[in-house]
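Colleague: For reference, the structure I am asking about is given below.
Chains as they are written, first to last, in our numbering: chain D, 1 to 431; chain V, 1001 to 1431.
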């Protein structure tokens, strides 16, 4: 019989990795609570029509698409935003704004598998709907910082830009939306020469080409100097100037809040997705060149899904990548709690062993019972190998005195304890 | 534009329901920890071959099956056991036993949607691999009881049986496996007449038919009396007698452990799935007739997946159904924690408001910042409507004294508090 395997691009999380995944999930959920984001859980399977409505061609071609038994075109979600937008445009249509929504789960893309990239991967997703203010943008950046810090990352940098700057120039030059989108995609891939040729071919002014050439080189961590430079360069393009001012307001709020995030402002930064309308950002660690998360403002998105016009800003974090970064930065996650193995010295005492295990669990102490029918020495060896904290040996003689033997496995010390004192003995680490 | 909808049979969890789902998920994970089960996270997408290896025809025909872009036959998992068995037969092959594994997540079946039944649904899954002892079976029953209790269910009943009793009779009568399976399926559907006709047609003794007729009527909550009756009835069929003794040993351990679960023993109980080899059980609430969870012993399963012979016992719980039962039993889940809205009295103080919100969150207090640019009265109204606990109003005059105004929204009382005292004021509910 051939050994069964995971499907290409899919992964298993063994206990240690699963533990880390759940650790980050809990942090992400706590960050959501602390910032007032309510959780919604949407299905992994959505209609193809919904998921395709927002995705660019690139994402669309890499979706897991199929038909259900009823012949419907369905797909596995490649991200959360379409599902959340569906909710906001339908069930939650009349909810007062602001509406803060959080999701956590798996998403699916048919990418070539590589380090930190799987075809099923985990995301946390936060959307703030209804606010067009810079404090909304600042909040999304700050909560991302909170999650990175809570996860235990030691070093990470925010790359921040604003699609309104380039878009503002293009609009004033009369560039069509479709051309704008293609140019933005090229810029996202840092193919500036190709992008410049495209805008030149589209007939923009020579002044515009000069400005674009200067703009894509403006980048750095002296954020307010960079913003000043951008403002000087785009002078004359009113919408671009407003965009720079908006970026300035967002960054100013973050500094005023006392949040100490590392930020690099990049004027040539253009996230590929067509729907961004304002501030955009990504988070990086020094260890590798894939973003741990990214997002920005998309004020037209909810309308695209048939909802009321609703300004919105959001972010998605790649949990598998955060895990990889944590492993590379050798960050420590919470240590294991005390655990106990309960061993009956003979067949007839198995019920008593189960009784002791119940007592411990009711006091919130993890307890395993010997279920292999092994002798005490063999069971102790196993408990040692698995680095458990204590073994409790249930014997006839001690039971007559309502007591059991408790053994500190690391110290190799053992003593007799009354069953009624067992919980406080273990919680007080008094053995 | 047509409104987008969820795909038929799929559901959204809005914040209140998502909260309940996550509450039960946390309880399930804590039960796993308390009983020593390590979490593994396996993919939603598995090879069709793997998932079909164990599933009976009924489940197989209701799987979401499709091809990926590489032409592989893949499917959405209809349950967890096949994936866990894959792990145990491959990656975890050499892990010492016992191996206790826990999983939590979504599974997919193309069933007709109805109350408590969706095509995407949530399960918690526990598998104990390597133990063939009755204390293993008892543990799976006890942890199910722990989960039901921890979830807040007030009343639930375990229905317990043992496939070894019927199988033991069939084997001694020389009934072929394939016939046995079909008969067991009929019995699972309580079509006893059809089942009896089948075994009669297969040429079993008249004594056997009589015994089966008696057996399927033996059922009740006086568990040890019921077990005695079963033993008397199956006399002469040695394997069936052993099975009854095994069931007796499991139930005795549970009683000895002090666990007070409600149990009904049902001699005619036969879970449909072909792979059960020993004790089987399901949990019910009085409110409706669908099981909240079920499981049992399947000692040949790991071999079926190409692994070493490994006795195993496990259980899956239907989380959507537990939620439905909780709602019907009007069980209370944990109440909301205190929450705060931070409101700047003017534009220029937005940075200060963000600063105050950071201070609160760093002290683990949920805080939302006003992001709509509303006046204080409008923001307060919103905070009231959403039943938040406190509003903090950031004003110029108070800031000069390093203070803010804090308002208890329920009491409609307000006072000025130094920023450095803010956290202790809120935690001490001193306003």
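C-beta atoms are modelled at their ideal positions from N, C-alpha and C, and glycine is treated no differently.
Identify whether residue 48(D) lies in helix, strand or coil by the three-state DSSP scheme.
Modeller: If you number the first chain from 1, residue 48(D) lands on position 48. Helix.
Colleague: Measure the C-alpha to C-alpha separation of residue 329(D) and residue 146(D) and round it to an integer number of angstroms.
Modeller: On the first chain, residue 329(D) is found 329 positions in, with the first residue counted as 1. On the first chain, residue 146(D) is found 146 positions in, with the first residue counted as 1. Straight-line Cα distance between these residues: approximately 18 Å.
Colleague: Look up residue 76(D) in the DSSP assignment and say whether it is helix, strand or coil.
Modeller: For the purposes of this step, residue 76(D) is taken as the residue at position 76 of the first chain. Residue 76(D) falls in the strand class under three-state DSSP.
Colleague: Which class does residue 148(D) belong to by DSSP, given the choice of helix, strand or coil?
Modeller: By one-based count along the first chain, residue 148(D) stands at place 148. In the structure shown, residue 148(D) sits in a helix (DSSP, three-state: H, G or I).
Colleague: Would you mind telling me which residues of chain D sit closer than 7 Å to residue 1426(V), beta carbon to beta carbon, in chain order?
Modeller: Along the second chain, read from residue 1 onward, the residue named residue 1426(V) stands at position 426. What residue 1426(V) touches in chain D: nothing, since even the nearest Cβ is about 13 Å away.
Colleague: Could you name the residues of the region 54 to 88 of chain D whose beta carbon sits closer than 7 Å to any beta carbon of chain V, in the order they occur along the chain?
Modeller: So the close ones are 64, 66, 68, 69, 70, 72, 74, 86 and 87.
Colleague: Provide the residue span of the beta strand (DSSP E) that contains residue 289(D), from first to last.
Modeller: Walking along the first chain from the start, residue 289(D) turns up at place 289. Element bounds for residue 289(D): 288 to 297.
Colleague: Between residue 142(D) and residue 350(D), what straight-line distance do the alpha-carbon atoms span, to the nearest angstrom?
Modeller: Walking along the first chain from the start, residue 142(D) turns up at place 142. Walking along the first chain from the start, residue 350(D) turns up at place 350. Approximately 54 Å between the Cα atoms of the pair.
Colleague: Counting only Cβ-Cβ distances shorter than 8 Å, please list the residues of the region 136 to 163 of chain D near chain V, keeping chain order.
Modeller: Within the region 136 to 163 of chain D, the qualifying residues are 136, 138, 139, 142 and 146.
Colleague: Using 8 Å as the threshold, is the region 1206 to 1225 of chain V in touch with the region 1263 to 1280 of chain V, meaning 3 or more CB pairs across them?
Modeller: Contact holds: three or more Cβ-Cβ distances are below 8 Å.
Colleague: What number of angstroms, rounded off, separates the C-alpha of residue 1432(V) from the C-alpha of residue 257(D)?
Modeller: Limits of chain V in this structure are 1001 at one end and 1431 at the other, which puts residue 1432(V) out of reach.
Colleague: Residue ranges of each beta strand (DSSP E) run of no fewer than 3 residues wholly in the region 200 to 254 of chain D, ordered along the chain?
Modeller: Whole beta strand (DSSP E) segments, 3+ residues: zero.
Colleague: Can you check which of these residues, 215(D), 13(D) and 45(D), is closest to residue 1012(V) by C-alpha distance?
Modeller: Position 12 of the second chain, counted from the start, is the residue given in the question as residue 1012(V). Among 215(D), 13(D) and 45(D), the Cα nearest to that of residue 1012(V) belongs to 45(D).
Colleague: Can you list, in chain order, the residues of the region 104 to 115 of chain D whose Cβ is nearer than 7 Å to any Cβ on chain B?
Modeller: In the displayed structure, chain B is absent; the protein chains listed are D and V.
Colleague: Out of 172(D), 60(D) and 195(D), point me to the one whose CA is closest to residue 183(D)'s CA.
Modeller: Here residue 183(D) is taken as the residue at index 183 of the first chain, counted from 1. Taking only the C-alpha atoms, the option nearest residue 183(D) is 195(D).
Colleague: Can you tell me whether DSSP reads residue 1284(V) as helix, strand or coil?
Modeller: Locating residue 1284(V) in the second chain gives position 284, where the first residue counts as 1. Looking at residue 1284(V) - three-state DSSP - the assignment turns out to be strand.
Colleague: Just how far apart, CA to CA, sit residue 1120(V) and residue 121(D)?
Modeller: Locating residue 1120(V) in the second chain gives position 120, counting from the first residue. Locating residue 121(D) in the first chain gives position 121, counting from the first residue. About 18 Å.
Colleague: Does DSSP put residue 402(D) in a helix, a strand or coil?
Modeller: Numbered from 1 along the first chain, position 402 holds the residue referred to as residue 402(D). Of the three classes helix, strand and coil, the one that applies to residue 402(D) here is coil, per DSSP.
Colleague: Is the distance from the Cβ of residue 1063(V) to the Cβ of residue 1082(V) below 7 Å?
Modeller: Taking the second chain and counting its residues from 1, one reaches residue 1063(V) at position 63. Taking the second chain and counting its residues from 1, one reaches residue 1082(V) at position 82. No, they are not a contact pair.
Colleague: By DSSP's criteria, residue 463(D) is part of a beta bridge. Which residues make up the other side?
Modeller: The structure shown does not extend to residue 463(D), since chain D is modelled only from 1 to 431, so the question has no answer here.
Colleague: Check residue 316(D) in the structure and name its three-state DSSP category.
Modeller: Taking the first chain and counting its residues from 1, the one referred to as residue 316(D) is at position 316. It is a strand residue.
Colleague: Report the option in 1015(V), 1067(V) and 1118(V) whose CA atom is closest to the CA atom of residue 102(D).
Modeller: Here residue 102(D) is taken as the residue at index 102 of the first chain, counted from 1. The shortest C-alpha separation from residue 102(D) is found at 1015(V).
Colleague: Within 10 angstroms of its Cβ, does residue 96(D) collect 16 or more other Cβ (buried), or is it exposed?
Modeller: Counted from its first residue, the first chain places residue 96(D) at position 96. Answer is exposed; the Cβ neighbour count stays below 16.
Colleague: Can you find a C-beta in chain V that's less than 7 Å from the C-beta of residue 299(D)?
Modeller: Counting from 1 along the first chain, the entry for residue 299(D) is found at position 299. Closer than 7 Å: no.
Colleague: Are the C-beta of residue 1012(V) and some C-beta of chain D separated by less than 7 Å?
Modeller: In the second chain, counting from the first residue as 1, residue 1012(V) sits at position 12. Yes, residue 1012(V) counts as interfacial toward chain D.
Colleague: Just the chain V side, please: which residues come within less than 7 Å of residue 373(D) by C-beta, in chain order?
Modeller: Within the first chain, the letter at position 373 stands for residue 373(D). Correct list: 1133.
Colleague: What three-state label does DSSP hand residue 431(D) in the structure shown?
Modeller: If you number the first chain from 1, residue 431(D) lands on position 431. Here residue 431(D) sits in coil by DSSP.
Colleague: From residue 1191(V) to residue 1216(V), what does the alpha carbon distance come to, in whole angstroms?
Modeller: Here the question's residue 1191(V) lines up with position 191 in the second chain. Here the question's residue 1216(V) lines up with position 216 in the second chain. The alpha-carbon atoms of residue 1191(V) and residue 1216(V) are separated by roughly 11 Å.
Colleague: Please report how far the alpha carbon of residue 1326(V) lies from the alpha carbon of residue 1023(V), in whole angstroms.
Modeller: By one-based count along the second chain, residue 1326(V) stands at place 326. By one-based count along the second chain, residue 1023(V) stands at place 23. The straight-line gap from Cα to Cα measures roughly 12 Å.
Colleague: Name the chain D residues that come within less than 9 Å of residue 1019(V), Cβ to Cβ?
Modeller: The residue given as residue 1019(V) occupies position 19 in the second chain. Simply 38 and 39.
Colleague: If you draw a straight line from the C-alpha of residue 58(D) to the C-alpha of residue 1342(V), how long is it?
Modeller: Taking the first residue of the first chain as position 1, residue 58(D) is located at position 58. Taking the first residue of the second chain as position 1, residue 1342(V) is located at position 342. Residue 58(D) and residue 1342(V): Cα-Cα distance of roughly 41 Å.
Colleague: When the Cα atoms are used, what is the spatial distance from residue 365(D) to residue 1094(V)?
Modeller: On the first chain, residue 365(D) is found 365 positions in, with the first residue counted as 1. On the second chain, residue 1094(V) is found 94 positions in, with the first residue counted as 1. Their backbone Cα atoms lie some 28 Å apart in a straight line.
Colleague: Residue 1341(V) bridges to which residues according to DSSP?
Modeller: As a first step, residue 1341(V) must be located in the second chain, where it is residue number 341. Per DSSP, 1368(V) and 1391(V).
Colleague: Looking at chain V, is there any beta carbon in it that lies within less than 7 Å of the beta carbon of residue 193(D)?
Modeller: Sequence index remark: in the first chain, residue 193(D) carries index 193 (1-based). So no, residue 193(D) is outside the interface.
Colleague: Looking at the unbroken alpha helix (DSSP H) that takes in residue 1178(V), where does it start and where does it end?
Modeller: Along the second chain, one-based indexing puts residue 1178(V) at 178. Looking at the DSSP string, the run of the alpha helix (DSSP H) that includes residue 1178(V) is 1177 to 1188.
Colleague: Listed from N- to C-terminal order along the chain, which residues in the region 1255 to 1273 of chain V have their beta-carbon within a distance smaller than 8 Å of any beta-carbon of chain D?
Modeller: Cβ contacts with chain D come from 1255, 1256, 1257, 1258 and 1259.
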